[in-house]
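Reading through the structure tokens given below for one structure.
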């Protein structure tokens with residue numbers, strides 16, 4: 486059965502950047518694919534893309550579901566007709582041959598996947614590899630820390646898998662991508678890695694060109710730490726028999742809590758943690774990270 490592709494781009498108040506993103510998607514999208522731009526109720530996308538309307542592959546829709554990046558992606562997935570969903574952000578660009586590589590990976594038995602990246606930050610371009618991963622299907626033995634990915638990392642998933650797994654957690658305004666990856670791995674869906682970049686991401690750009698700041702620079706610290714904590718709490722049981730992966734999820738949440746000075750979240754994570762030695766190990770790790778933060 487031939488696979489079809491839907492490229493989903495959530496957007497909010499970034500008309501100039503959105504045009505650049507859509508232009509890259511137009512070059513990359515197969516003739517029988519579709520590009521779904523989901524305006525998260527900012528009402529700028531239609532105006533920004535007026536001169537793109539001749540492209541029959543392009544659809545601009547308004548998110549009527551949960552507001553936010555996760556809700557917009559969920560709405561785009563619901564609207565999509567393709568058997569493969571490829572997500573990327575409105576301030577990034579898609580590598581021209583990446584959708585073809587995604588479709589090829591789907592024929593190799595992969596259920597979802599992601600890629601290496603290139604990034605522009607402060608006018609410098611750099612390659613962001615994943616040195617512990619090789620091209621192809623990712624073995625189950627690979628640690629969880631090496632096989633989670635952001636939705637900006639050329640992230641794709643079969644539409645049927647997305648539907649079976651359930652939507653991206655729209656109550657997480659941060660770290661929803663890690664939560665989604667954890668659920669995919671816990672459900673034993675096969676992941677694929679592309680060592681050649683699939684997307685080019687832009688970081689640290691002048692937000693004077695847009696009214697919407699970068700999420701990683703604008704999320705309230707309390708909200709961010711709570712999201713990391715919830716990623717651990719929601720996936721803790723699924724990785725109970727994989728202590729290294731469970732420790733990775735706890736450690737990253739405690740690290741962020743220490744960095745942001747949100748002690749109450751760390752206490753909440755550790756208070757009822759079982760077994761007891763995990764409480765002790767977690768508490769010691771958290772205290773070391775707090776000390777390191779104070780000494781900087």
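Residue numbers (this note's numbering): 486 to 781.
Cβ coordinates follow ideal geometry from the N, Cα and C atoms, glycine included.
Neighbourhood of residue 526 by C-beta distance below 7 Å, restricted to the same chain and skipping five residues each side: Along the chain shown, one-based indexing puts residue 526 at 41. 547, 548, 552, listed in sequence order.
Return yes when the Cβ of residue 542 is within less than 8 Å of the Cβ of residue 606, no when it is not. Looking up residue 606 in the chain shown gives position 121. Looking up residue 542 in the chain shown gives position 57. It is not a contact, given that the beta carbons lie outside the stated cut-off.
Cβ-based burial, residue 592 [other Cβ within 10 Å; buried from 16]: Counted from its first residue, the chain shown places residue 592 at position 107. Result: exposed.
Please say whether residue 599 and residue 724 have beta carbons closer to each other than 8 Å? For the purposes of this step, residue 724 is taken as the residue at position 239 of the chain shown. For the purposes of this step, residue 599 is taken as the residue at position 114 of the chain shown. The answer is no: Cβ separation not under 8 Å.
Tell me which residue opens and which closes the alpha helix (DSSP H) that residue 601 is part of. Residue mapping note: residue 601 aligns to position 116 of the chain shown, counting from 1. Taken as a continuous stretch (DSSP letters only), residue 601 belongs to no alpha helix (DSSP H), being part of the beta strand (DSSP E) at 597–606.
For residue 614 and residue 515, believed in contact at Cβ under 8 Å, the rounded distance: One-based indexing of the chain shown puts residue 515 at position 30. One-based indexing of the chain shown puts residue 614 at position 129. Wrong, their Cβ atoms sit about 27 Å apart, outside the cutoff.
Between the region 729–749 and the region 628–635, do three or more beta carbon pairs fall short of 8 Å? yes
Counting only beta-carbon separations shorter than 8 Å, does residue 618 have a partner in chain D? Checking the listed chains, one finds no chain D in this structure; it contains a single protein chain.
Can you pull the DSSP bridge partners for residue 688? On the chain shown, position 203 is the one that residue 688 refers to. Bridge partners of residue 688: 606.
Just to confirm before moving on: does the CB-CB distance between residue 594 and residue 490 stay below 8 Å? Taking the first residue of the chain shown as 1, we reach residue 594 at position 109. Taking the first residue of the chain shown as 1, we reach residue 490 at position 5. For residue 594 and residue 490, no; Cβs fall outside 8 Å.
Leaving out the 5 sequence neighbours to the left and right, which residues in its chain are closer than 7 Å to residue 758 when beta-carbon positions are compared? On the chain shown, position 273 is the one that residue 758 refers to. Closer than 7 Å at the Cβ level, and outside the excluded window around residue 758, lie 764, 767.
Rounding to the nearest angstrom, what Cα-Cα distance links residue 772 and residue 656 in this structure? Residue numbering aside, residue 772 sits at position 287 when the chain shown is read from its first letter. Residue numbering aside, residue 656 sits at position 171 when the chain shown is read from its first letter. Their backbone Cα atoms lie some 29 Å apart in a straight line.
Ordered along the chain, which non-local residues of its own chain (more than five positions away) have a Cβ less than 8 Å from that of residue 618? As a first step, residue 618 must be located in the chain shown, where it is residue number 133. Only 627, 631, 632, 678, 680 meet the Cβ criterion.
Give me the Cβ distance between residue 520 and residue 507, rounded to the nearest whole Å; I'm assuming they're in contact under 8 Å. Within the chain shown, numbered from 1, the residue matching residue 520 stands at position 35. Within the chain shown, numbered from 1, the residue matching residue 507 stands at position 22. So it is a contact: roughly 7 Å between Cβ atoms.
Residues bridged to residue 643 by DSSP? In the chain shown, counting from the first residue as 1, residue 643 sits at position 158. Answer is 569, bridged to residue 643.
Reducing DSSP to helix, strand and coil, say where residue 735 ends up. Along the chain shown, one-based indexing puts residue 735 at 250. Helix.
Among the candidates 496, 722, 738, whose CA atom is the shortest distance from the CA of residue 576? On the chain shown, residue 576 is found 91 positions in, with the first residue counted as 1. Residue 496 is the option with its Cα nearest to residue 576.
I'd like the list of long-range same chain contacts for residue 720, defined as Cβ closer than 8 Å, with 5 residues on each side in sequence excluded. Position 235 of the chain shown, counted from the start, is the residue given in the question as residue 720. The residues are 664, 667, 668, 671, 734.
If you count every other CB in all the chains shown that lies within 10 Å of the CB of residue 534, and 16 or more means buried, which is it? Indexing the chain shown from 1 puts residue 534 at position 49. Buried is the call here.
Would you mind giving the Cβ-Cβ distance between residue 602 and residue 587, rounded to the nearest angstrom? I have them listed as a contact below 8 Å. Translated into positions along the chain shown, residue 602 becomes position 117. Translated into positions along the chain shown, residue 587 becomes position 102. Not really, about 15 Å apart at Cβ, beyond 8 Å.
Quick check on this structure: which residue in 660, 608, 492, 769 has the alpha carbon closest to the alpha carbon of residue 517? Locating residue 517 in the chain shown gives position 32, counting from the first residue. Of the listed residues, the one whose Cα sits closest to residue 517 is 492.
Taking residue 753 as the reference, give the member of 654, 705, 712 with the closest Cα. Along the chain shown, read from residue 1 onward, the residue named residue 753 stands at position 268. Comparing Cα positions, the closest option is 712.
Under the three-state DSSP convention, the category residue 702 falls into: Along the chain shown, read from residue 1 onward, the residue named residue 702 stands at position 217. Low confidence applies here, because residue 702 scores a pLDDT of 46, under 50, leaving its location unreliable; read the following figure in that light. Reduced to three states, the DSSP call for residue 702 is helix.
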